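Residue numbers (the numbering used here), protein chains in the order written: chain A, 6 to 452; chain B, 6 to 452. Heads up: the structure comes next, in C-alpha cells.
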C-alpha cells in the first residue's frame, strides 16, 4: 500500500490524510467543493460542533490537537431556558470536565492546512467523484469549472464523502445492507451576535437549550462572542416549520416559546426567512469495506443525528482505530486490516446512531423533567462515592474512549438500576442517603 | 392527467400499462432490456412464479386474466421430500384451492402483447432510464444500441423498474426513508427436464420442497412437463455455495441431501457451474410517491424475498388498488390519489416483506416438523367446522384479497391461540376432539 485516494476533504477526510501521510503514503484528496479557506462554503448551514475526549484522542494521534485547541471554546454545562426565561445550569460532569465547541468551517480549514504541511499530501478541490471501480480502487472525478475529468488509480480508496457518499453509492450495487431514515425534525441555523462591546450575551461556557418537548432550540458559543443557535422542529404538523409562513407567525411563535431569546436576535426575521431549512438523516450500512480496496470512514458509513454532538468524533475515532490497526497488523495485508476495521467499527456506528436519537429525547424533553434532574444528582453522588463503579453514560460517551457499544450496554444497565432507585419511597428526600447508596451497590452486583 | 410514462416494462409495468390504457391515457412504456418476445432475456436467472387469488383479481380488473390462465399450471399442495426420498403431500387448503405456476418470461411476453393491443400504448425497448426530474415528471432515457437519448415529458411517471429502480434512486435524494437488506441466502436455478416421453418426473400439481433447515431446494412445474428447480443456500459458511468448489463437492452434497433428485438431473454438473448465483434483497421505502407526479409500483417500492410467492401478486395488487382509487376519486386531483395510494400500500408492502421472511422459515424448516403438521391439521379441522371464524394465514394471503397487513395481524393472533392449543395434554390424540374446538373458540372470543 503506497497510494491512497481520499474522496472528500471535509473534517474526517483531512484528518485521515494526515494519518496516512504520517505512515509515508502518497495521499491524494479530492473534494467536491472549492477550498473553504478561500470561499465561504459553509454559510448558514452548519450546526456548531463539539470535540469530545475521543475526538481529542484521535487529533492527538495525528499530532494536530494543539492546532485545533486554539480555535475551540470549552463548554462545561448545559443551561436550560424555560418559557419564562428562567435558567438552570446542569454540569456535564462532577469534576468540571469540558467538551469543546468549534465552528465546522474553521476546523475544516485548520485540518486542511495541517494536511497540506505534508509534502506527500495533495489536495484537489472542485473535483466531484462520478465513478468508483471498487475492485481496482480506481476513481473518476470531474472538475466542476473546466468540465474535464481525471481517472485516479490508487492502492486503496477511502470514502470520507459524507452522508450522501458517492463511494457508498457504488458499494450499494453489490451485497450491501443499507438504510437511510429521516427523522420528522428539520433544523435551521439562527446566529446570536455578540453584544455591541463584543462580549457574549449568554454564558459561553454552557450549551444553551430551550427544551420544548416536541421541538427545541440550542446555542453553542463561537470564538467571537456570538453563538450559533439551531432551531429543531418537525417539518410538518402542530409546531412545525410548515406553520411559520410569515413574520407574524414567527414572532408569535418566538414570543410564546423563546421569549428570552428575542432581545438577543434583533435580525431574527431576516435570518429565519433567509436561512436554509435542512433535514436530518440517519444512515446505517454494512459492510463498510470492499475487499482490500475500499473503506468508508465517517458520515459516509454512519451519518447520525447531531444530538449527542458525536458525529465528527465518531468519524475521527474511525481514523484513529484504522491507524491503530495498521500499526498492529502492518500494511502487508490491507484486506485483513480493513476487515478488522469493519469488525471493530460497524457495531459502534450503530450504537452511536441509537445513542444520538436517545439524547434528542433527553435534550428536548427530559432536561426539563424533575425526575431526570434528580436522577442526574443521584448518579453524580454515587459516582463521587464510587468512581470505580459508576460512570454515567454521558461521561462514558463524551469523556472517555470506551467503545460506544460498551457505553450503550452499560447505560442500559444504569437505566434498569435507576428505575428501581427512583421508585424508592421518599426518594426526593433521601436521594443522597445511605439506603439509596446501598440499593445501587446491591443492584450493581446483581445486574 | 393524459400522458403517462411507465419506467420498466416487466410484469407490473405491462399490467399497469393496460390499466392506464383502459382509462384512456396515452401510455409510453420504456424498458431497459430488449423485447423478451424476440430475445431470451430471462435465461437461467428466474424463479418460477405463482399467481395467487389477489394476482387474479388484478389481472381480471385489467381484462387479461384469460390470456394469462392459458399459460399456468395449477398447484394444489406442497410435497416435501425428506433425505431418504420419502414424500409427504400437504394441501394448501381444505377445499382443493390452487395457486398457479407460471414462467416469468412467458408471462411477461403475454402481458406485453396484451398491452400492445391498445393503440394508446407505446412500448420502447432498449431504453435505459438515466434521469428523472421529479417535479416535472420528465424522464431521460438513453438508447443502448444507438447511444442516443430521449427526453420524455408526461403528467405522471410510474416507476415499475424493479428492486434497483432508477426512479427510486432519484427520490432518494429528498426526504425519503429507504432500506435494502440482503439475506444470507443466495439462489441458483436448476432445471428439471421432463421424462423422455414428455411426461413430468414428479407430480406437477405440487410445489416440491426439499426442506433442510439451513438450506432448501424447491421445484415448480412448467407447461412442458419440466420443473424449474431453485436451490436456496447461504452464500458462505457451513452448507453454502462457497463450499461447493468442484464437481465432487457438488455430487457429495447432492448425495447427502437431495439424493432422490439426482436421477432427475442428468445435467446437474453442467447446470450448477453454468447458472448464475443470485442474491436476495429486501427493499423497503417510504413514501412511494412524489407529489402528483411520481409513484413507485411493484418491486421498486417493495422488493421482497420469494418465499411466499407474492412479490408479483403484491405488485399486481398495487396496480389494482391504484386503478380503484382513480375510479373512486377521479383523475382531477392526481396528488390526492397518489397520497391515498401511498397510505393504502406502504403498510401492506412492509407486511408482505415480513410475511415472506417468515414463510422462508416455514418452508425450509417447519414443513418437516411434526408439530407444524399437527397445527395445520388442527387449523383445517377448525376451519371446516367454523369457516366464518377461522381462515388460516396462508389462505388469507394466497386465496383472498384481504390486505396483507390485516392477514399478518390475524396470523399473529392465530399463533398465540395455537401455542396454547398445542400445549394441551395429549394434543396428538385429541386434536380433532371437542375440548380442542372449545378451547379455540374461547381463545378466539378472548383475543
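Glycine is no exception: its CB is placed at the ideal position from the N, C-alpha and C atoms. Owing to the predicted nature of the structure, the values given are computational and were not obtained by experimental measurement.
Can you confirm whether residue i, when its beta carbon is compared against all beta carbons of chain B, has any partner nearer than 7 Å?
i                      : result
residue 308 of chain A : no
Under 7 Å Cβ-Cβ, which residues of chain B neighbour residue i?
i                      : result
residue 183 of chain A : 184, 185
Using a C-beta to C-beta distance shorter than 8 Å, which residues of chain B count as neighbours of residue i?
i                      : result
residue 284 of chain A : 180
Given a threshold of 16 other Cβ atoms within 10 Å of its Cβ, counted over all protein chains shown, does residue i qualify as buried or as exposed?
i                      : result
residue 124 of chain B : exposed
residue 298 of chain A : buried
residue 91 of chain B  : exposed
residue 113 of chain B : buried
residue 414 of chain A : exposed
residue 85 of chain A  : buried
residue 260 of chain B : exposed
residue 400 of chain A : buried
residue 433 of chain B : exposed
residue 1 of chain A   : This structure does not reach residue 1 of chain A, given that chain A is present from 6 up to 452, and the question cannot be answered.
residue 220 of chain B : buried
residue 10 of chain B  : buried
residue 130 of chain A : buried
residue 323 of chain B : buried
residue 115 of chain A : buried
residue 141 of chain A : exposed
residue 278 of chain A : exposed
residue 328 of chain A : buried
residue 267 of chain A : exposed
residue 380 of chain A : buried
residue 17 of chain B  : buried
Taking 7 Å as the threshold (beta carbon to beta carbon), is residue i in contact with chain E?
i                     : result
residue 63 of chain A : The displayed structure is made up of protein chains A and B, and chain E is not among them.
Going by Cα to Cα distance, which pick from the options is closest to residue i?
i                      : options                    : result
residue 263 of chain B : B:322, B:222, B:359        : B:222
residue 292 of chain B : B:270, B:347, B:94, B:28   : B:347
residue 404 of chain A : A:234, A:432, A:313        : A:313
residue 55 of chain B  : B:37, B:358, B:105, B:73   : B:105
residue 240 of chain B : B:17, B:274, B:284, B:215  : B:284
residue 356 of chain B : B:120, B:412, B:19, B:156  : B:412
residue 151 of chain B : B:132, B:164, B:162        : B:132
residue 232 of chain B : B:44, B:204, B:87          : B:204
residue 307 of chain B : B:353, B:266, B:175, B:450 : B:353
residue 369 of chain B : B:53, B:68, B:148, B:238   : B:238
residue 1 of chain B   : B:73, B:58, B:122, B:107   : Residue 1 of chain B lies beyond the stretch modelled for chain B, which goes from 6 to 452, so this question has no answer here.
residue 447 of chain A : A:430, A:425, A:436        : A:425
Taking only beta-carbon positions, decide if residue i is within less than 7 Å of chain A.
i                     : result
residue 49 of chain B : With a pLDDT of only 48 at residue 49 of chain B, under the threshold of 50, the placement of this residue in the model should not be trusted, and no figure is reported.
Quiz item: Would you call the segment 327-343 of chain A and the segment 379-392 of chain A touching, i.e. three or more CB-CB distances under 8 Å?
Solution: no
Quiz item: Per the contact definition of three or more C-beta pairs closer than 8 Å, is the segment 245-254 of chain B in contact with the segment 137-147 of chain B?
Solution: Flag = no, the segment 137-147 of chain B and the segment 245-254 of chain B do not touch.
Quiz item: For the 8 Å Cβ check, are there 3 or more pairs between the segment 278-289 of chain A and the segment 24-44 of chain A?
Solution: no
Self-check item: At least 3 beta-carbon pairs within less than 8 Å: the segment 73-81 of chain B vs the segment 224-233 of chain B
Solution: The segment 73-81 of chain B makes contact with the segment 224-233 of chain B, as at least three CB pairs between them are under 8 Å.
Practice problem: Report yes or no: do three or more beta-carbon pairs, one from the segment 60-71 of chain B and one from the segment 163-175 of chain B, lie closer than 8 Å? | Solution: At 8 Å Cβ cutoff, the stretches do not touch.
Quiz item: Per the contact definition of three or more C-beta pairs closer than 8 Å, is the segment 179-194 of chain B in contact with the segment 206-218 of chain B?
Solution: Counting Cβ pairs under 8 Å, fewer than three are found: no touch.
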